[in-house]
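Q: Got a structure for you, written out below as C-alpha cells; questions coming shortly.
Residue numbers (the numbering used here), protein chains in the order written: chain A, 9 to 334; chain B, 793 to 958; chain C, 2 to 119; chain D, 160 to 261.
As C-alpha cells, this is what we get:
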C-alpha cells in the first residue's frame, strides 16, 4: 500500500479507538457504574436526564466542559499540566494490542505487535509516572499522599500481572495477543489456568485503583486522591484515563482467559463486548461487596499472597509444559 | 527523506532536548520528569533498530521502574525544598569542557571510522531469538543476572533498612 | 515490523492531539473567575499550613525498591516463555534455578520485615 | 539513509550530556540521572552495532538487556545509599558529604 493510505488508516483507526473508548468505556462506564451501584444498594441511580437517565454522563461532560480550569498558585505548572495528558494517553495506548473481533480480512485490532502483552505491561506502567506527577505537581497534601499511595500500590500489583502474562505467554508460545486468542480455539485458558485468572482479576482491580483497593482515592480520607486539584475537563480526562484503564484490563482478561472474540452464532465483536461487560460488571459488583483494605493489608496481599501464588502457578505450568507434555 | 530518517531525527531531537533539561535544569523534579521523554525517545530508537523487545524492556524497567524510584527518592529527600539551592558545583565549567571534549572525540571517531557492515540478517522475532540465546550459549549470563539481582536486593534492603531501625 | 510501530507512532501523535483537544474547547468556553482564593491549594476549606512538598514515609521507597528488582527478574522470563515449548526438561531446570533465586530474594525481604508496613 | 554513524553520533552526544550532569551536579540523585543517561548512550551503541555490524547474532541486544539490569541494580543500591546518607546527614548534596566517617 502507498504510504498515504497507511497514514490515513492509522489516523482513522486512532480516532475510532479514542472516541470509541471515550464513549463506550468512559461515558457508558460511568453511567453503568452509577446504575449498578444504585441497583446493588436498592436505589434507582440517575433518572433525570434523558429516558431513565441514560444521558446523565453526556450532561456531566457538557457541564465539565464549561468549568473553569484552575492551576493552583503553589502548583508546579509544567508537571501539573503534563500529567493530565500522560495518564489518559498511556491508558489508551493499551488498546493498540487488544483484538476486538475478527473479520474476513483478519482480526480486528489496531496493530498486532510482536511483543503484544509486553507492550501492554510497558504502557500501563507509564500510568504510575503520570499519577506521581499529578500528585507532586498539585502541591497539595491530599494529592501527594494519594499519588504516593497509588504509585506504591500500582507497582506492587504490576509484578503479579507480569507473572500471569508470562504464564499465558508460556502456554501460547507467543507474546502476540492475536496468537494468544487463536491458541484458545479449542479450550479457553481459564479452564487450564483458573488460578492465574483469579490472580489477574485481583491484581487488575488493584492496578486500576478500584474498590476494595481504592484507598488511593478514599473520599473520606483523601478527597479525590491525586486529582483533587484538577478541575473541569482535566478532571474528566483523569476519569477517562481510569475508566479506559479499567476497560483495558477487562479486555486483556477477556483476551488472555476467555477466548477473546470467540463464540458461536453472534458476530465476534458482540461476543467480545458481552465478555468485556461481564467482567466490568464483576469489577463493579466487587466494589460494593468488599470493604476497603488498609494500606498494609493491601501491600501484604500482593507481596505475601498473590506473588508467591503466581510464582508457584508459573513453575507448575512450566513443569507441565516443558517436562510432562514432552 | 524516508520515514526512517524523519523518525530518527524526531526521536534524536526529543532525546537530546529532554537530555539537556535532565543535565541542566535547576529544579531537580524537572530533571527527573525530563528523564521520561529522554528514555522514551531512546525507546523509539531501539524500535528503529529493530530491537522491539529491548524497547519494551526499556519502557518497563527504565520509565516504569527506575524513574519511579528516582521520583520517590527526590520526594523523600530535598523535594520542593531543594528549589532554591545551587545545583551546580564549582567544577561546572571544567565539567562542561570535559564532557564537550569527550563527546567531540567520540563524534569524530564515530563519523570517521569506516564501520564494517556485518553479514546476515536480524532474526524476525527478537524475543524468541533472545530466549534461545539465553537458554543456550548465554545460560551462565542468564543465571548470573539473577544472582546479581539477589545481591542488589539484599544490599539495598540492608542499607535502607538499617537506617530505619535506628 | 517497522510499519507496526509506525502505526503506534501515529497513535501516540494523533492521540496526544485528541487528548489535548478538550483544552482548546475549554479555552473558548470556560468562565474566568477573579476571586483571589480561587487558586488556593484545596485543604477542605482551611488555609494550608506549609508546603505539601515535604517528606513522607520511607516505606514507599522500600516497596518500590523491591518492585524494581522483581520487575527486572520478570523481564528475563518473557523471552524464555516464548521459546519454552520447543525446549526440553533441562531448560525447565535452569529456569527453576532462576526462579529459586528470585524466591530467595522474596524470602529474604519477607524475613527481614521489608514487606511489613508498620 | 540512516547509517550506523548517525546512531553513534547521537549516542556520543547523549553520553556527553550524561557526563556533564554527572560531573557538574551537586545533588547525588541528579548525578545518578546523569549516569543513567550515559548507560543509555552505551545501550544505543550496543543495539546499533547489533543491527549494523553483527545482524546475525543477538549479542548486542542481550548485552543491552544486561546493562539495563545492572542500571536497575545500580539505581536501587545507589538510591538506598543516598537515602541512608540523607537520613543521617540531612543532605543529598555530595560536596556536603565530605566526611568518610561520622
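Don't be surprised by glycine CBs; every beta carbon is placed ideally from N, CA and C.
#1: Going along chain B, which residues have a C-beta under 9 angstroms from residue 123 of chain A?
#2: Can you list, in chain order, the residues of its chain with a C-beta nearer than 6 angstroms to that of residue 824 of chain B? Leave out the 5 residues immediately preceding and following it.
#3: How far does the beta strand (DSSP E) with residue 181 of chain A in it extend, from its first residue to its last?
#4: DSSP beta-bridge partners for residue 7 of chain A?
#5: Contact criterion: CB-CB distance below 8 angstroms. Does residue 217 of chain D meet it with respect to chain B?
#6: Does any residue of chain B have a CB that is nearer than 8 angstroms to the CB of residue 254 of chain D?
#7: Would you mind telling me which residues of chain D sit closer than 9 angstroms to residue 59 of chain C, beta carbon to beta carbon, in chain order?
#8: Beta-carbon within less than 7 angstroms of residue 243 of chain A's beta-carbon, same chain only, minus the 5 sequence neighbours each way: which residues are those?
#9: Taking the CB atoms as reference points, tell me whether residue 96 of chain C and residue 939 of chain B lie closer together than 8 angstroms.
#10: Return the chain-ordered list of same chain residues with a C-beta closer than 6 angstroms to the C-beta of residue 77 of chain A, the five sequence neighbours on each side being excluded.
#11: Got a sec: which bits of the segment 917-949 of chain B sit with their beta carbon under 7 angstroms from any beta carbon on chain C, in order along the chain?
#12: For the alpha helix (DSSP H) containing residue 858 of chain B, list its first residue and its last residue.
#13: Please state if the CB of residue 919 of chain B and the CB of residue 83 of chain C are separated by a distance shorter than 8 angstroms.
#14: Would you verify that the beta carbon of residue 227 of chain D is, or is not, closer than 8 angstroms to some beta carbon of chain B?
#15: If you draw a straight line from the alpha carbon of residue 958 of chain B to that of residue 883 of chain B, how long is it in whole angstroms?
#16: Find the nearest neighbour of residue 254 of chain D within the set B:891, B:881, B:843 and B:885, judged by alpha-carbon distance.
#17: Just the C-alpha distance for residue 77 of chain C and residue 126 of chain A, rounded to the nearest angstrom, thanks.
#18: Does residue 186 of chain D come out as helix, strand or coil in the three-state DSSP assignment?
#19: Is there a C-beta anywhere in chain B that falls below 8 angstroms from the one on residue 98 of chain C?
#20: With a cut-off of 8 angstroms, does the C-beta of residue 334 of chain A fall near any C-beta of chain B?
#21: If you draw a straight line from the alpha carbon of residue 296 of chain A to that of residue 53 of chain A, how long is it in whole angstroms?
#22: Whose C-beta lies closer than 8 angstroms to the C-beta of residue 251 of chain D among residues of the same chain, with five residues either side of it excluded?
#23: Enumerate in chain order the residues of its own chain whose CB-to-CB distance from residue 253 of chain A is below 8 angstroms, with the five nearest sequence positions on each side excluded.
#24: Would you check if there are 3 or more beta carbon pairs closer than 8 angstroms linking the segment 168-178 of chain D to the segment 195-206 of chain D?
#25: Which residues in the same chain have their Cβ closer than 8 angstroms to the Cβ of residue 831 of chain B, if we skip the five residues on either side of it in sequence?
#26: Tell whether a beta-carbon distance below 8 angstroms holds between residue 163 of chain D and residue 207 of chain D.
#27: Mind pulling the chain D residues with CB within less than 7 angstroms of residue 823 of chain B?
#28: Where does residue 252 of chain D fall in DSSP's three states?
#29: Using the C-alpha atoms, what's the distance from residue 213 of chain D back to residue 933 of chain B?
#30: Please report how far the alpha carbon of residue 334 of chain A lies from the alpha carbon of residue 232 of chain D, in whole angstroms.
#31: From residue 35 of chain A to residue 251 of chain A, what does the alpha carbon distance come to, in whole angstroms?
#32: In whole angstroms, what is the alpha-carbon distance linking residue 794 of chain B and residue 903 of chain B?
#33: Starting from the C-beta of residue 283 of chain A, find all residues in its chain whose C-beta is less than 7 angstroms away, skip the five residues before and the five after it, and write them out in chain order.
#34: What number of angstroms, rounded off, separates the C-alpha of residue 59 of chain A from the C-alpha of residue 65 of chain A?
#35: In whole angstroms, what is the alpha-carbon distance linking residue 198 of chain A and residue 205 of chain A?
#36: Mind checking the segment 307-322 of chain A against chain C and listing, in chain order, the residues whose C-beta falls within less than 8 angstroms of any C-beta there?
A: Once the coordinates are examined:
#1: 844, 845, 847, 848, 918 and 919
#2: 862, 863 and 866
#3: Careful: residue 181 of chain A lies outside any beta strand (DSSP E) and carries neither H nor E.
#4: The structure shown does not extend to residue 7 of chain A, since chain A spans only 9 to 334, so no value can be given for it.
#5: yes
#6: yes
#7: 242 and 246
#8: 72 and 235
#9: no
#10: 239, 240 and 242
#11: 919, 920, 922, 923, 924, 926, 927, 931, 934, 935, 937, 938, 939, 941, 942, 944, 945, 946, 948 and 949
#12: Here residue 858 of chain B belongs to no alpha helix (DSSP H), and DSSP marks it neither H nor E.
#13: yes
#14: yes
#15: For residue 958 of chain B, the pLDDT reaches just 46, beneath the cut-off of 50, and the residue's location in the model is therefore unreliable, although a value from the coordinates is still provided. Distance between the alpha carbons of residue 958 of chain B and residue 883 of chain B is about 36 angstroms.
#16: B:881
#17: 12 angstroms
#18: strand
#19: yes
#20: no
#21: 14 angstroms
#22: 186, 187, 188, 241, 244 and 245
#23: 99, 102, 132, 135, 215 and 216
#24: yes
#25: 850, 851, 854, 855 and 859
#26: yes
#27: 189 and 192
#28: strand
#29: 20 angstroms
#30: 37 angstroms
#31: 9 angstroms
#32: 21 angstroms
#33: 262 and 266
#34: 13 angstroms
#35: 6 angstroms
#36: 307, 308, 311, 312, 315, 316, 319 and 322
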